[in-house]
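Right, one structure below, let's go through it.
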Amino acid sequence: MSLERKIILSFVISATIIAIFTVSSYVNFLEVRKEIRYLELSDTVRSKSLQLRRHEKNFFLYGDSKEIEEVHTYLRDLKTTLEQGRKSYNTEKPLGLENKIDEYSRRFNRIEVIYRDFLKDFAGLKPLGKEYSLFFPLIESTFLERPLVNAELIKKIFSPKVSSPVITELMELNDEIASLRKNGEEILTLSKDLDKSAREKAERAISLSQTAALVLFPLFLIVGLAALFAISHSIVKRLKILT
640 MSLERKIILS FVISATIIAI FTVSSYVNFL EVRKEIRYLE LSDTVRSKSL
690 QLRRHEKNFF LYGDSKEIEE VHTYLRDLKT TLEQGRKSYN TEKPLGLENK
740 IDEYSRRFNR IEVIYRDFLK DFAGLKPLGK EYSLFFPLIE STFLERPLVN
790 AELIKKIFSP KVSSPVITEL MELNDEIASL RKNGEEILTL SKDLDKSARE
840 KAERAISLSQ TAALVLFPLF LIVGLAALFA ISHSIVKRLK ILT
């Protein structure tokens, strides 16, 4: 093979390897960036899920209406974040979590209705037991935390014959709160699983990118040096012939 052809062949091989290395690096970069963004999304979901549970517990402990708004705010944020993630990354993985959040939202809305109905109905019941008015603030401040205990207390204070839905409301409230808490634990578990999966995928993408760089870059050097050696050897051989 002539020297000119060897030089051209070496150039073509080197250019091909450089192109492969460049394209591979760019593809790996895009994949790593995608997985890191998905990791950020999953971390946001996990963080908001924890905040949701915190405000839920505060509401049941203190009955503060501000906590209701906070719960609704985090529910909206979670739905928006998961919907954006599903569309942006073309994955149905967050769908199970979305369904649980929808279920949680329905249960919390029902609890909110019972909460307001109980306060209204209990306010109408209080004039029938004025001698026990000392207990009323205690009932109103703890009925979310201990619905069944307060149901028993109300039964003792007021005659069972008194027509009022408060006992039924407290019984239903107890069941709904238990279901909501279970639902909340499932949301936390799913959000942690989503975050764990995203971390594993990000680590795998970074590892593949590093492996590709470790394989292609030395290959580029070896082929380049081999081509340079072959061309140099050919030039030296030609010079010897000429001399």
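Residues in the sequence shown are numbered from 640 upward in steps of one, following this note's numbering.
C-beta: ideal position from N, C-alpha, C; glycine also.
Identify, in the order they occur along the chain, each residue of the same chain with its Cβ nearer than 8 Å to the Cβ of residue i, setting aside the five sequence neighbours on each side.
{"i": "Thr-712", "result": "none"}
{"i": "Lys-739", "result": "Asn-822, Glu-825, Ile-826, Leu-829"}
Where does residue i sit, in a helix, a strand or coil, going by DSSP?
{"i": "Arg-785", "result": "coil"}
{"i": "Asp-703", "result": "coil"}
{"i": "Pro-733", "result": "coil"}
Can you find a heavy atom of the ligand MN that lies under 8 Å from the Cβ of residue i?
{"i": "Lys-795", "result": "Among the ligands in the structure shown, none appear at all, so the ligand MN cannot be discussed."}
Take residue i and list the residues in its own chain whose beta-carbon comes closer than 7 Å to its own, dropping the five residues that flank it on each side.
{"i": "Gly-768", "result": "Ile-796, Phe-797"}
{"i": "Arg-746", "result": "Glu-815, Ser-818, Leu-819, Asn-822"}
{"i": "Arg-702", "result": "Looking at the sequence provided, one finds Gly at residue 702 rather than Arg. Excluding residues within five positions, the ones whose Cβ falls inside 7 Å are Ser-780, Leu-783."}
Tell me, to the nearest whole angstrom, how far the beta carbon of residue i is from that of residue j; I am working on the premise that it is less than 8 Å.
{"i": "Leu-721", "j": "Leu-736", "result": "6 Å"}
{"i": "Ala-844", "j": "Val-671", "result": "5 Å"}
{"i": "Tyr-754", "j": "Leu-783", "result": "7 Å"}
{"i": "Val-805", "j": "Phe-761", "result": "5 Å"}
Looking only at its own chain, which residues have a Cβ that is under 6 Å from the Cβ of residue i, when we skip the five neighbours before and after it?
{"i": "Leu-827", "result": "Ser-688"}
{"i": "Ala-790", "result": "Ile-806, Leu-809"}
Do you know whose CA, among the options, lies nearest residue i's CA?
{"i": "Ile-793", "options": "Lys-765, Leu-812, Asn-813", "result": "Lys-765"}
{"i": "Gln-690", "options": "Asp-716, Leu-853, Ser-803", "result": "Asp-716"}
{"i": "Arg-637", "options": "Arg-725, Tyr-771, Pro-857", "result": "As shown, the chain starts at 640 and ends at 882. That puts residue 637 outside it, with no answer to give."}
Segments assigned alpha helix (DSSP H), at least 4 residues, entirely inside the stretch 795-843: Entirely contained in the stretch 795-843, not one alpha helix (DSSP H) run reaches 4 residues.
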